[in-house]
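Here the structure is laid out as structure tokens; the discussion comes afterwards.
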């Protein structure tokens, strides 16, 4: 019996709550926002004693390793970048997708299992001074790609 | 760096989200409800391989030990009952209150840090066939008493 299930269950309930049809604030944006604030604060505590990262890529690597491991008990499997502010983080067994079975109908439901994490990554980066847009792409459950676009303005 | 902080941070954000002044659903009931559904599902998984409890007191002891430890990394310090459906669970260092400093102003804020857990206990009991009303009483931070009243109707 792992203590991870506490986090899993709480996440599941927030998904349900945010996407409850009876509510008017029935959208993924709320879920993304809860992820954002959670990620922002988590990183505040996680990086308290860490020296500043030397550049954007170092920061991104930290998200893929330490940050991801803290939350999902594994690292991101693959990180790619075009060296111009675009990053793709691939997780071949994304935790919130490992319990649902593959299939067209399940794939339709995928956005609600990744919205929180899009916000989480955006919030974690924001805390480290990087403004970004994060989207997710699920092609085959439980694999997921998170696309991070750094906003340089 | 404990993995517990993930759960802590997520809880903190849900508190903020549910009690956000800009929202119309600005009340503790929402928080209690999220706790209820979380507790219900948690116990569903936690008691899957457990034999049925012989009576209400046994069930309550399970909440005070295994269930509490899973979530708060410690047991309830004291359990009292009037043997007629009333139970008082005392936690002398309740996790969500350990990070706020004692004081009158902080005490005023206490309800928002205990509402989720009231729901959590109610949900866990409901999953085990016990309908109850759960309230919390904070007299000295970080100590907290949870009052469980079993509804026998």
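Residue numbers (my numbering), protein chains in the order written: chain V, 1 to 153; chain R, 1001 to 1153. Backbone N, C-alpha and C fix where the C-beta goes; we use that ideal spot for every residue, glycine too. All values derive from a computational prediction rather than experimental measurement.
Approximately 20 Å separates the beta-carbon atoms of residue 1007/R and residue 1089/R; this is outside 8 Å, ruling out the contact. Cβ-Cβ separation between residue 61/V and residue 42/V: approximately 17 Å, too far for a contact (criterion under 8 Å). For residue 99/V and residue 92/V, the gap between their C-alpha atoms comes out near 13 Å. Look at the stretch 75-124 of chain V and you find these whole runs of alpha helix (DSSP H), each 4 residues long or longer: 104-109. Against residue 1041/R, the close residues of chain V are 9, 12, 13, in the order they occur along the chain (beta-carbon pairs closer than 8 Å). Put simply, the CB of residue 1125/R is far from chain V, with every gap to its CB atoms at 8 Å or more.
Here residue 1132/R is buried, its C-beta having at least 16 other C-beta atoms within 10 Å. Residue 1082/R and residue 129/V have their alpha carbons spaced roughly 56 Å apart.
When Cβ pairs closer than 8 Å are counted between the two stretches, the stretch 1038-1054 of chain R is seen not to touch the stretch 35-51 of chain V, the count staying below three. Exposure of residue 1057/R is indicated by the presence of fewer than 16 other C-beta atoms within 10 angstroms of its C-beta. Within the DSSP secondary-structure output, residue 144/V pairs in a beta bridge with 91/V. Of the other Cβ atoms in all chains shown, fewer than 16 fall within 10 Å of the Cβ of residue 29/V; this residue is therefore exposed.
Going by beta carbons, residue 143/V and residue 67/V fall outside the 8 Å limit. In terms of Cα proximity to residue 1127/R, the closest of 1052/R, 1074/R, 1013/R is 1052/R. Shown here for residue 1113/R: same chain residues with a beta carbon closer than 6 Å to its own, the five before and five after excluded, namely 1096, 1097 in chain order.
Between residue 102/V and residue 141/V the beta-carbon gap is near 4 Å, inside 8 Å, which marks them as a contact. Distances from the CA of residue 1120/R to each of 1016/R, 1017/R, 1037/R were compared; the closest alpha carbon is that of 1037/R.
A straight line joining the alpha-carbon of residue 153/V with that of residue 85/V spans about 12 Å.
Counting only Cβ-Cβ distances below 7 Å, residue 1045/R has contacts in chain V at 5, in chain order.
For residue 1104/R, the closest C-alpha among the options 1116/R, 1138/R, 1117/R is that of 1138/R. Against chain R, the CB of residue 87/V has no partner CB under 8 Å away; the residue lies outside that interface. Approximately 6 Å separates the beta-carbon atoms of residue 117/V and residue 35/V; this is inside 8 Å, confirming the contact. For residue 37/V, the residues of chain R that pass the 9 Å Cβ criterion are 1009, 1012, 1013, 1016, 1017, in the order they occur in the chain.
With respect to chain V, the C-beta atom of residue 1034/R has a partner C-beta closer than 8 Å. Within the DSSP bridge table, the entry for residue 137/V names 145/V as partners.
Per DSSP, residue 1050/R has no beta-bridge partner at all.
Residue 33/V and residue 106/V have their alpha carbons spaced roughly 23 Å apart.
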